[in-house]
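Position in the sequence shown (first residue = 1) + 26 = the working numbering.
Note that the Cβ used here is the ideal one computed from N, Cα and C, for glycine as well.
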Amino acid sequence: MIRAPFSSLLDDHRGTALIEFAILLPVLLILFLGVYQLSDAIMAKRKTTIMTRAAGDMTSQYRGLTTGELDSLLDASTKILMPYSAASAKLRVTQITVESSGTVFRVDWSRSRNASALATGRYYATAIPAAYRQPNTVYIYTQSAYTYDNALSSFFGPITFSDDLWLLPRRSSTITLS
């Protein structure tokens with residue numbers, strides 16, 4: 027007799043879909059936000075790579091540059107990061123000459139934006155990849171770093187994307203910076 031009043035509730039399925047939706051909604055929202063953040067981070071990484079390539083590619087096309095022209099080129103390259111803030115973007119372009127021995131390289135010049143330029147002088151070639159230790163070769167070495175501050179940074183922290191690129195000067199054997 028006690029079961030009789032509750033037996034009708036056991037057969038009633040009218041609120042099942044609402045309860046299932048209430049259980050799945052937080053999971054679906056977290057999945058959606060995660061996919062959105064992942065795609066946004068991938069786009070920031072891609073723009074960092076494009077910024078590095080643009081700065082290196084444009085620099086390698088000159089025979090000579092002034093420091094003002096190179097600074098303008100670095101500033102223009104960081105505009106590629108839009109809509110992300112370029113304030114934290116670090117970009118450096120350096121001309122490196124591997125000396126005739128192949129065991130020493132020389133930093134001819136270096137300019138940067140929001141980073142320190144490499145000091146000019148001679149260094150041991152172990153600091154550069156083995157494939158680039160070709161005697162009497164000049165390279166334009168471009169480095170970048172971008173700190174991506176995601177919406178979930180309180181859980182994961184900011185992510186730093188970095189890239190580097192080695193190019194040969196295109197129109198001359200070396201690029202002068204004055």
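Review point. Taking the C-alpha atoms as reference points, what is the distance between Leu117 and Met77?
Key: 9 Å
Check your understanding: On the three-state DSSP scale, how would you describe Gly90?
Key -> strand
Review point. Starting from Asp190 and walking both ways along the beta strand (DSSP E), at which residues does that stretch end?
Key: Ile185 to Leu193
Check your understanding: How many Å lie between Pro52 and Phe58 at the Cα?
Key -> 10 Å
Practice item. Count the other C-beta atoms from every protein chain shown that fall within 10 angstroms of the C-beta of Trp160, then say buried if there are 16 or more, exposed otherwise. Key: One detail in the question is off: residue 160 reads as Gln in this sequence, not Trp. It counts as exposed.
Review point. Does the segment 183-191 come close enough to the segment 158-174 that 3 or more CB-CB pairs lie under 8 Å?
Key: yes
Point to revise | Proximity below 8 Å, CB of Tyr165 to CB of Leu144 | key: no
Review point. Cα separation between Thr93 and Lys73?
Key: 25 Å
Check your understanding: Using a Cβ-Cβ cut-off of 6 Å (strictly less than) and excluding sequence neighbours within five positions of Ile203, which residues of its own chain qualify?
Key -> First, the residue type needs correcting, since residue 203 is Leu and not Ile in the sequence shown. Contacts found: Leu91 and Trp135.
**Study point:** Identity of the residues DSSP links to Gly128 by a beta bridge
**Key:** In DSSP, Gly128 forms no bridge with anything.
Check your understanding: When you compare only the Cα positions, how much space is there between Ile49 and Ile56?
Key -> 12 Å
Point to revise | Pairwise C-alpha distance: Val130 and Val119 | key: 19 Å
Check your understanding: Does DSSP put Asp97 in a helix, a strand or coil?
Key -> helix
Review point. Between the C-alpha atoms of Ser126 and Arg132, what's the straight-line distance to the nearest angstrom?
Key: 11 Å
Check your understanding: Is the Cβ-Cβ distance between Arg137 and Leu96 less than 8 Å?
Key -> yes
Practice item. Return yes when the Cβ of Thr104 is within less than 8 Å of the Cβ of Arg139, no when it is not. Key: yes
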